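In UniProt numbering, the protein residues as written are 1 to 679.
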């Protein structure tokens, strides 16, 4: 619970959207560590011994009063004991404070355990076992402070000891500038929101970090400076269980080494330019395992049902038929007007690589009117409108993505498991390149190797280069059903059911929803239908997907009243009924194949295997080239390795399944890597 206090000063970085797009230089990015970042020596300093709400201070520069310890001068401070209260650092913006946690437990009853409001830099050195716990209730100004360890300055953590940091209110660690995690053991057993959050950048050198967070595990927020917004991991051990992203950078995410185990997450790794040069990385995600996206955006900017990456919708339905003529029977249900004509052709490919694709063609005209109406009673309705045009084609190969977005994997061992009904294993909104000596295992629930639900997905180039070893498995179910399914109702009218993940739909926060139900029939003018046809799913690279079906066209205008034989129209004769509803939008266009492997490979379907069934591939001499245990069901397999020889047979063994396949030659297509090709 937070007590809000109004502040007339400047606002924080939270929630700001920048209008000017920034231009990034391809990585990998390098993080520099200063002497102060590495400073873990303390021959002397101010000694602070704590016991409950009482503290004894030896030296100058700090005060203590009723559980509140304040540091107000630059210097080294060594704190130990047990403090029921808060440690506040309030120096000038030019001061360097070296804080040694030497077996201290700080339990706050109101606000952060440690709060640094002003300093040039704070370096925390860990000695022995230390514990920091904040309260569940804060007094905040513009939503700050909001973390157990809250630092409005550069922050570094080093040492040979350990610290447990619990974020009972919001975040566990928050740094409003640059954060360096150098060494020591940092355990975050629980954070209501983020485990570790920094504004400008995060550099991880060689610490041991464990995080359990309700939101993102490790996050940087700055998205308006090409030299900031990055996360660099040079080593160490990181284990994360997160309710949202595991590790989220806004600009660069560079991993050079270390052990990273993201045991649960929404998306595992995210950034605009992702370079993986080494390390042992394990990712389990409930959406994309690794996602490269434009800075300042997310996959669901407009809610989980956002269709922003899809292609052109089909054309609107045709007009309804004119009203009927007089029938021969004076009573009974009047007949319908004629059937509308067919819809127009689908839209063409968009000329621009980005932006909203064109609409499909216009629907055809309505059909002719029915027989004469009766002299009494309601005039008949016009005929239903024609069918909508087919969906527009997707963008040509190589278009639709962003060249400034990429995933570049050239070293280390990477294992990705993506669970869910609409997920990708490794997903780049620009280029995806796997090369060097990288070893990559990736499996997804459902989907296929390439496509709209894919183990490997990219909007531009999607390439595996010579030297890499990749084993990808998928459920082999293709791209799965589109998000909207249509059923035919009475009289040829459609009803639309929205089918999707209940949790995602519940979190749309006001995003536009498709208009379901039957079309309405206007009595005094053209009828307007409400429904949309099924949208074509997002196209994979080199793949032109049909777009969304177009809206049903308006009903035709009311036809003229029928004339009786040999005489004028009776005075009670009304105008013909309103036109029928327009037809449904046309279907999406066809799919095309995608994906490039530049070395010998095997791509095939096998008998479906259950999750947890090991798969191995052996050469003709029985040597095992690869063995892995996918954690999702699988039937589609892609394996490529520099050990494969074109034309030779290799046996895939999975459970009781065993079959030999010949290695196919790799593509000779020329690929331009988005970043470096050697670590």
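From the three backbone atoms N, C-alpha and C, an ideal C-beta is built for every residue, glycine too. None of these values were measured; they are calculated from a predicted model.
Query, Result
"Cutoff 6 Å; reference residue 595; Cβ partners in own chain excluding five residues on either side", "450 and 462"
"Residue 350, DSSP secondary structure in three states", "Any answer about residue 350 is weak, because its pLDDT of 37 lies below 50 and its placement is not dependable; what the coordinates show is given next. Three-state result, residue 350: coil."
"Straight-line gap, residue 172 to residue 464 (C-alpha atoms, nearest Å)", "39 Å"
"Secondary structure of residue 277, DSSP reduced to three states", "coil"
"Distance CB(residue 208)-CB(residue 237) smaller than 7 Å", "yes"
"Residues near residue 240 in its chain [Cβ-Cβ closer than 6 Å; skip 5 each side]", "211, 217, 246 and 262"
"Segment limits, beta strand (DSSP E) that includes residue 187", "185–191"
"Alpha helix (DSSP H) segment containing residue 35, residue limits", "35–38"
"Cα-Cα separation, residue 42 to residue 54", "24 Å"
"Boundaries of the beta strand (DSSP E) in which residue 687 is found, first to last residue", "Any property of residue 687 remains undetermined from this structure, which presents the chain solely from 1 to 679."
"Exposed unless 16 or more other CB atoms sit within 10 angstroms - verdict on residue 448", "buried"
"Spatial neighbours of residue 691 in its chain, beta-carbon cut-off 6 Å, leaving aside the 5 residues before and after", "Not covered by the structure: residue 691. The range shown for the chain is 1 to 679."
"Nonlocal neighbours in the same chain, by C-beta distance under 7 Å from residue 102, ignoring five residues either side", "78, 79, 80, 127 and 128"
"Whether residue 472 touches residue 455 by CB criterion (7 Å)", "yes"
"Cβ neighbour criterion (16 or more within 10 Å) applied to residue 488", "In this prediction, residue 488 scores a pLDDT of 35, lower than 50, which makes its location untrustworthy; no coordinate-derived value is stated."
"Where residue 430 falls, given that 16 or more other Cβ within 10 Å makes a residue buried", "buried"
"Exposed unless 16 or more other CB atoms sit within 10 angstroms - verdict on residue 34", "exposed"
"Minimum C-alpha distance to residue 106 - residue among 134, 39, 658 and 25", "134"
"Sufficient close CB pairs (3 or more, under 8 Å) joining the stretch 605–619 to the stretch 662–673", "no"
"Same chain only: Cβ atoms within 7 Å of residue 159, ignoring 5 sequence neighbours per side", "40, 125, 126, 127, 183 and 184"
"Assigned secondary structure, residue 295 (DSSP; H/G/I helix, E/B strand, else coil)", "coil"
"Which of helix, strand or coil DSSP assigns to residue 270", "strand"
"Local Cβ density within 10 Å of residue 272, reported as buried at 16 or more and exposed below that", "buried"
"Residue 377 to residue 477 span [Cα, whole Å]", "Residue confidence for residue 377 is low, a pLDDT of 42 falling below 50, so the modelled location carries little weight and cannot support an answer."
"Cβ distance (whole Å) where residue 458 is taken to contact residue 428 below 8 Å", "4 Å"
"Exposure label - residue 656; buried when at least 16 CB within 10 Å", "exposed"
"Closest Cα partner of residue 613 within the set 475, 622 and 602", "475"
"Those runs of the beta strand (DSSP E) which lie wholly inside the stretch 126–198 and span at least 3 residues", "129–133, 138–141, 147–151, 154–159, 162–166, 171–175, 178–181, 185–191 and 196–198"
"CB contact flag (residue 425, residue 442, <7 Å)", "yes"
"Where the beta strand (DSSP E) containing residue 254 begins and where it ends", "252–255"
"Own chain residues within Cβ distance below 6 Å of residue 675, not counting five before or after", "26, 27, 275 and 408"
"Candidates 31, 100, 597 and 229: closest to residue 22 by CA position", "229"
"Residues that DSSP places opposite residue 247 in a beta bridge", "218 and 269"
"Spatial distance of residue 279 from residue 60 (CA atoms)", "45 Å"
"Nearest candidate by alpha-carbon position, reference residue 88, set 452, 286 and 112", "112"
"Residue 411 to residue 258 span [Cα, whole Å]", "12 Å"
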